[in-house]
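Below is one structure; the comments refer to it alone.
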Amino acid sequence: MTDTAVVTRSMGLRRTSQIADHTLVQGRSPLPTPSSLPGLHEQSWTVARLLTDEAGAEPMTLLEISSRLQLPRAVTALVLVELHAHHLVTISPLSTGPQFVRGVAKHLSSGGSKRPHWRPGLVSLKIVVTGPTGAGASTLVGASASTAPLHVGQQHPDQQGLQNESLELGCIPLDRDARLHLLAAPQPSAFDALWLDVVRGASGVVVMAHPDRIKETLPCLEAVRETGLPHLVVVNDQGRSEPDLEQIRALLKLDEVHLADAGSRPSTRAALARLLHINQEALR
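Residue numbers (my numbering): 1041 to 1324.
Written out as structure tokens, the structure is:
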């Protein structure tokens, strides 16, 4: 039996509901000796050492750890649960408070001149970006992120068997211990197991729309509505004649759609800020 199978079987298949792709994790130093915790799996020690030794103990997301060690996301989550139970790592809360969300929106709107305020500790805010193929989800994440996004291949089951999909995680650092994460995900369906994991803990969803193929956005928008999360349809302005936003709103049965150039950092960050303002409006 592989190490992965041992960890998964012995730790059980319980849901790790407080950990998601964007969860920030930081190792605690110094690590105890393995002999002091004989019940801890070797795979867990590997993750703990990575978080303590790599990059000056900079916090990493679950998705980054999974990619670095070539572990399935679900197994990585289980390992982090074990490490947290033994007080070997600190993890960020699944979701952030309204004050932090409001601060991030101001940070994006100001071009980065206004810094959000938060209580000390790890903080990670996630926005999911999705849409039909070719609508510009990956382009938006790449343009908005401060560094090149992390590309991660994922397998998930559906009616046709195992399917390979790609996730892209972009990051806008707000401080050493605080980040805004942008997760580009494939077009979802309401009953997609991968999709349910992707949106867990998200503060909102951007739905990209191609100006010439607006109807393709409808199934995606329906799946997003099923989550109950704040969302914003962003029409990808590709430098052609300006789309008829009133007609698009009527077709999608929305009060608001946003026009943005998916390849422009100022334009995409303005769209992200608008989504976070919608998040705040939903709380009133």
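Backbone N, C-alpha and C fix where the C-beta goes; we use that ideal spot for every residue, glycine too. Remember, predicted model here, so these are calculated numbers, not experimental data.
Which residue comes first and which comes last in the beta strand (DSSP E) that contains residue i?
i: H1250; result: Looking at the DSSP string, H1250 is not in any beta strand (DSSP E), and its letter there is neither H nor E.
i: H1221; result: A1218 to A1224
i: E1164; result: According to the sequence shown, residue 1164 is Ser rather than Glu. Where S1164 is concerned, the enclosing beta strand (DSSP E) stretches over V1163 to T1170.
i: G1067; result: L1064 to G1067
Using beta-carbon positions only, say whether residue i and residue j come within less than 8 Å of one another.
i: L1220; j: L1165; result: yes
i: V1238; j: V1129; result: no
i: G1182; j: G1210; result: yes
i: L1090; j: A1097; result: no
i: P1112; j: S1106; result: yes
i: A1218; j: V1163; result: yes
i: L1134; j: A1117; result: no
i: T1086; j: I1131; result: no
i: T1257; j: L1234; result: no
i: P1228; j: C1260; result: yes
i: I1059; j: V1121; result: yes
i: Q1320; j: P1138; result: yes
Give me the Cβ distance between residue i and residue j, rounded to the nearest whole Å; I'm assuming they're in contact under 8 Å.
i: L1272; j: H1250; result: Actually they do not touch by this definition, with Cβ atoms about 16 Å apart.
i: V1247; j: G1174; result: With a Cβ gap of about 14 Å, V1247 and G1174 do not count as contacting.
i: I1318; j: P1270; result: 5 Å
i: Q1083; j: V1119; result: 6 Å
Answer with buried or exposed for residue i, where buried requires no fewer than 16 other C-beta atoms within 10 angstroms of its C-beta.
i: H1147; result: buried
i: D1215; result: exposed
i: T1073; result: exposed
i: T1308; result: buried
i: L1312; result: buried
i: T1267; result: buried
i: D1301; result: buried
i: D1232; result: buried
i: D1295; result: exposed
i: S1153; result: exposed
i: T1179; result: buried
i: P1336; result: The requested residue 1336 does not occur in the structure, where the chain is confined to residues 1041 to 1324.
i: D1061; result: buried
i: R1314; result: buried
i: S1184; result: buried
i: P1189; result: buried
i: A1322; result: exposed
Is residue i close to chain D? Criterion is C-beta to C-beta, closer than 8 Å.
i: H1271; result: No chain D appears in the structure shown, which is made up of a single protein chain.
At what residues does the alpha helix (DSSP H) containing residue i begin and finish?
i: K1146; result: P1138 to S1149
i: L1091; result: E1082 to D1093
i: T1179; result: A1177 to S1184
i: T1130; result: That residue, T1130, is in no alpha helix (DSSP H); its beta strand (DSSP E) goes V1129 to I1131.
i: S1107; result: L1102 to L1109
i: R1155; result: Neither: R1155 is in no alpha helix (DSSP H) and is coded neither H nor E.
i: A1060; result: That residue, A1060, is in no alpha helix (DSSP H); it is neither H nor E in DSSP.
i: D1237; result: A1233 to V1239
i: A1242; result: Counting along the chain, A1242 falls outside any alpha helix (DSSP H), and DSSP gives it neither H nor E.
Hey, which unbroken runs of the beta strand (DSSP E) at 3 residues or more fall wholly within the region 1257 to 1319? 1271 to 1276 and 1298 to 1300
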